[in-house]
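Enquirer:
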Ligand code: NAI
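Residue numbers (our numbering): 77 to 502.
#1: How long is the line joining the alpha carbons of residue 208 and residue 94, rounded to whole angstroms?
#2: Taking only heavy atoms of ligand 1 into account, decide whether any of them is closer than 8 Å to the Cβ of residue 300.
#3: Which residues mark the beginning and the end of the alpha helix (DSSP H) in which residue 427 is found?
#4: Could you work out which residue in 468, 440, 441, 439 is closest to residue 453 when comparing CA atoms only?
#5: For residue 156, which three-state DSSP category applies?
#6: Give the DSSP-derived three-state secondary structure of residue 95 in the structure shown.
#7: Are the Cβ atoms of residue 342 and residue 366 separated by less than 9 Å?
#8: In terms of alpha-carbon separation, which member of 353, 107, 247 lies closest to residue 472?
#9: Counting pairs of beta carbons, one from the region 318-327 and one from the region 296-305, are three or more of them closer than 8 Å?
#10: Give the straight-line distance between the Cα atoms of residue 371 and residue 392, rounded to the nearest whole angstrom.
#11: For residue 457, verify whether its CB is less than 8 Å away from any heavy atom of ligand 1.
#12: In chain order, what residues of the same chain lie with their CB nearer than 7 Å to the CB of residue 335, ignoring the 5 residues before and after it?
#13: Considering only the alpha carbon of each residue, which of 382, 102, 414 lies closest to residue 395?
#14: Cβ-heavy atom distance between residue 352 and ligand 1 below 8 Å?
#15: In terms of residue numbering, what span does the beta strand (DSSP E) encompassing residue 206 cover?
#16: I'd like to know if residue 215 contacts chain D, where contact means its C-beta is closer than 9 Å to some C-beta of that chain.
#17: I need the straight-line Cα distance from residue 457 to residue 228, nearest angstrom please.
#18: Short of 7 Å in beta carbon distance, which residues of its chain neighbour residue 124, apart from the five on each side in sequence? Order them along the chain.
#19: Going by alpha carbons, who is nearest to residue 105 out of 436, 443, 487?
#20: My output table needs one value for residue 161: the three-state DSSP class, helix, strand or coil.
#21: Going by the CB atoms, is the gap between residue 351 and residue 275 shorter than 9 Å?
#22: Over the uninterrupted beta strand (DSSP E) stretch that includes residue 109, give me the two end residues.
#23: Which same chain residues end up closer than 6 Å to residue 103 when comparing Cβ atoms and leaving out the 5 residues on each side of it in sequence?
#24: Given a cut-off of 9 Å, decide if residue 192 and residue 184 are closer than it, judged by their beta-carbon atoms.
#25: Near residue 422, which residues of its chain fall below 7 Å by C-beta distance, leaving aside the five closest residues on each side in sequence?
#26: Return yes when the C-beta of residue 425 is under 8 Å from any heavy atom of ligand 1, and no when it is not.
#27: Using CA atoms only, rank isn't needed, just tell me which of 382, 91, 285 is closest to residue 165.
#28: Between residue 275 and ligand 1, is there a pair consisting of the residue's CB and a ligand heavy atom that are separated by less than 8 Å?
#29: Use the C-beta contact count for residue 498: other C-beta atoms within 10 angstroms, 16 or more gives buried, fewer gives exposed.
#30: Closest by CA to residue 425, which one among 407, 398, 411?
#31: Would you give the residue range spanned by the beta strand (DSSP E) that residue 415 belongs to?
#32: Quick check: the Cα distance between residue 234 and residue 502, rounded to an integer number of angstroms?
#33: Is the beta carbon of residue 151 less than 9 Å from the beta carbon of residue 176?
#34: How far does the beta strand (DSSP E) with residue 469 in it reach, from first residue to last?
#35: Would you mind listing the alpha helix (DSSP H) stretches within the region 218-254 that are 4+ residues and don't spill past its ends, in chain order?
#36: What's the call for residue 222, buried or exposed, on a 16-neighbour Cβ count within 10 Å?
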């Protein structure tokens with residue numbers, strides 16, 4: 077039996093649809109890039125006849141991308157890319173569209189999560205849009221027969237691109253994928269500003285605690301870590317960075333942050349936020365040194381940055397002390413609070429709405445033009461990970477600047493010639 081859609085799983089689908097529709101409309105009103113692309117796509121139908129399978133965080137901004145792909149002529153089947161980040165009302169509103177089927181549901185177990193991914197694949201996709209790589213993995217492992225009819229796909233996040241590059245290096249990636257994450261229009265805004273703003277605001281809303289005067293430990297000073305650190309410092313927190321990459325540790329030091337190993341930071345921090353995309357960043361030896369009442373959260377893609385199994389083993393009791401906050405009490409009476417089960421806090425906490433709308437307008441603008449590119453120029457991309465062509469990224473930036481009424485300079489002919497030449501010297 078095939079996996080049920082969200083509509084088949086809800087008690088009151090019409091009510092959910094209505095709520096979800098409001099969220100989607102609000103987001104769409106603030107997404108000028110997606111609005112401009114929607115007009116173009118509706119007129120030109122670049123995806124006519126295509127079937128898009130998506131595994132993304134199913135909330136309002138993602139819904140706008142989903143609808144724009146459907147308006148471009150595609151049939152779309154969507155599910156979540158995280159068990160906790162789906163908004164059921166948004167999922168129901170999408171499922172009401174005759175060109176879209178949504179299997180995304182909030183709070184699913186592992187079995188249901190993968191069954192929903194498989195359900196999208198039963199639509200025989202020709203394009204895949206992924207956030208984290210689970211869809212691509214499912215196709216390669218369980219549905220390899222689909223690969224011959226898949227034109228290509230797009231990957232949204234650092235961890236997904238990392239997985240795809242590892243597959244590619246092993247010769248195991250069998251169709252072309254755009255590394256959407258790696259474009260300037262995505263990474264310099266979504267990872268930096270989006271993760272910075274959304275993680276901090278969600279931690280604040282979930283705990284109702286202030287940033288001012290806190291010692292905030294940020295693990296990883298990559299794109300996400302930079303944004304979190306800057307915005308925490310902007311709210312008068314003292315920021316401590318932990319890193320494993322010497323140049324990034326040095327960069328953090330030169331930005332004025334304290335840099336130290338996690339073993340030391342563990343004794344200092346009031347709030348800890350992991351942004352590494354790696355595993356076992358905060359483990360038993362760190363829990364043992366932490367102060368009473370610390371708050372731990374994760375913004376990396378998977379929930380393996382904080383070793384919750386080890387924390388559970390150390391704890392004499394665990395209980396929910398606020399919605400989305402679980403307190404682990406240790407034998408010596410210290411309490412350690414974990415937000416959103418260690419899943420990415422800006423999307424999985426009970427109040428989470430994900431990144432700000434404007435930021436996702438950019439990320440999904442890149443996604444939309446990449447899907448169009450993959451369909452229109454499929455013969456130019458062989459199996460493997462591909463950088464997004466720079467002119468597509470520029471196109472999205474130009475739409476955004478035009479919508480904001482911001483003008484900028486153009487190179488003159490002489491400047492172009494000068495910059496392209498190696499013969500001009502002193
Ligand atoms: P990045 O590669 O730019 O940065 C990760 C940093 O963590 C690197 O500087 C690396 O040296 C450092 N690192 C790795 N292991 C470490 C360890 N054990 N201790 C301390 N530092 C360590 O990656 P980016 O773009 O910042 O993404 C990080 C994670 O966040 C990824 O999983 C990505 O998929 C995810 N992400 C989450 C978003 C969200 O909405 N919460 C949005 C965008 C990305």
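All C-beta atoms, glycine included, are put in the ideal place defined by N, C-alpha and C.
Expert: Answer, in terms of the structure:
#1: Position 132 of the chain shown, counting from 1, holds the residue named residue 208. Position 18 of the chain shown, counting from 1, holds the residue named residue 94. Roughly 29 Å between the two C-alpha positions.
#2: Here residue 300 refers to the residue found at position 224 when the chain shown is read from its first residue. Under cutoff, so the answer is yes.
#3: As a position in the chain shown, residue 427 is number 351, starting the count at 1. Counting along the chain, residue 427 falls outside any alpha helix (DSSP H), and DSSP gives it neither H nor E.
#4: Locating residue 453 in the chain shown gives position 377, where the first residue counts as 1. Answer by Cα proximity: 468.
#5: As a first step, residue 156 is located in the chain shown; it is residue number 80 there, counting from the start. In the structure shown, residue 156 sits in a strand (DSSP, three-state: E or B).
#6: Here residue 95 refers to the residue found at position 19 when the chain shown is read from its first residue. Residue 95 falls in the helix class under three-state DSSP.
#7: Along the chain shown, one-based indexing puts residue 342 at 266. Along the chain shown, one-based indexing puts residue 366 at 290. Yes.
#8: On the chain shown, residue 472 is found 396 positions in, with the first residue counted as 1. Comparing Cα positions, the closest option is 107.
#9: yes
#10: Mapped onto the chain shown, residue 371 falls at position 295. Mapped onto the chain shown, residue 392 falls at position 316. Distance from the CA of residue 371 to the CA of residue 392, rounded to the nearest whole angstrom, comes to 18 Å.
#11: Within the chain shown, residue 457 is the residue found at index 381, counting from 1. Incorrect: residue 457 has no Cβ contact closer than 8 Å to ligand 1.
#12: Reading the chain shown from its first residue, position 259 is the one you call residue 335. Answer for residue 335: 317, 319, 325, 328, 329, listed in chain order.
#13: As a first step, residue 395 must be located in the chain shown, where it is residue number 319. Checking every option, the nearest Cα to that of residue 395 belongs to 414.
#14: As a working note, residue 352 is residue 276 in the chain shown. Yes, ligand 1 has a heavy atom inside 8 Å of this Cβ.
#15: Along the chain shown, read from residue 1 onward, the residue named residue 206 stands at position 130. Run containing residue 206: 203-206, per the beta strand (DSSP E) assignment.
#16: Protein chains in the displayed structure number just one, and chain D is not present.
#17: Along the chain shown, one-based indexing puts residue 457 at 381. Along the chain shown, one-based indexing puts residue 228 at 152. Rounded to the nearest angstrom, the two C-alpha atoms are 8 Å apart.
#18: Counting from 1 along the chain shown, the entry for residue 124 is found at position 48. Hits under 7 Å: 149.
#19: Your numbering for residue 105 matches position 29 in the chain shown. Of the listed residues, the one whose Cα sits closest to residue 105 is 436.
#20: The count along the chain shown starts at 1 and reaches residue 161 at position 85. Residue 161 falls in the coil class under three-state DSSP.
#21: Residue 275 sits at position 199 when you count from the first residue of the chain shown. Residue 351 sits at position 275 when you count from the first residue of the chain shown. Result yes, Cβ atoms of residue 275 and residue 351 sit closer than 9 Å.
#22: In the chain shown, residue 109 corresponds to position 33, counting from 1. Unbroken run through residue 109 is the alpha helix (DSSP H), 108-120; no beta strand (DSSP E).
#23: As a position in the chain shown, residue 103 is number 27, starting the count at 1. Here residue 103 has 136, 137, 140, 433 as same chain residues with Cβ atoms under 6 Å from its own Cβ, once five neighbours each way along the sequence are excluded.
#24: Numbered from 1 along the chain shown, position 108 holds the residue referred to as residue 184. Numbered from 1 along the chain shown, position 116 holds the residue referred to as residue 192. Result yes, Cβ atoms of residue 184 and residue 192 sit closer than 9 Å.
#25: Here residue 422 refers to the residue found at position 346 when the chain shown is read from its first residue. Around residue 422: 271, 274, 275, 278, 375, 428, 430, 431.
#26: The residue labelled residue 425 in the question sits at position 349 within the chain shown. False, no ligand heavy atom lies under 8 Å from that Cβ.
#27: Taking the chain shown and counting its residues from 1, one reaches residue 165 at position 89. Of the candidates 382, 91, 285, the one whose C-alpha sits nearest the C-alpha of residue 165 is 91.
#28: Start at 1 with the first residue of the chain shown, and residue 275 comes out as number 199. Within the cutoff, so yes.
#29: By 1-based counting over the chain shown, the position of residue 498 is 422. Looking at its Cβ environment, which holds fewer than 16 other Cβ atoms inside 10 Å, residue 498 is exposed.
#30: Here residue 425 corresponds to residue number 349 of the chain shown, with the count starting at 1. Answer by Cα proximity: 398.
#31: Counted from its first residue, the chain shown places residue 415 at position 339. Start and end: 411-415.
#32: Locating residue 234 in the chain shown gives position 158, counting from the first residue. Locating residue 502 in the chain shown gives position 426, counting from the first residue. Distance between the alpha carbons of residue 234 and residue 502: 42 Å.
#33: Working through the chain shown from its first residue, we reach residue 151 at position 75. Working through the chain shown from its first residue, we reach residue 176 at position 100. Yes, the Cβ-Cβ distance between residue 151 and residue 176 is below 9 Å.
#34: As a working mapping, residue 469 is identified with position 393 in the chain shown. Element bounds for residue 469: not the beta strand (DSSP E) but the alpha helix (DSSP H), 466-480.
#35: Contiguous alpha helix (DSSP H) elements confined to the region 218-254 occur at 234-245, taking only those with 4 or more residues.
#36: Numbered from its first residue, the chain shown carries residue 222 at position 146. Result: buried.
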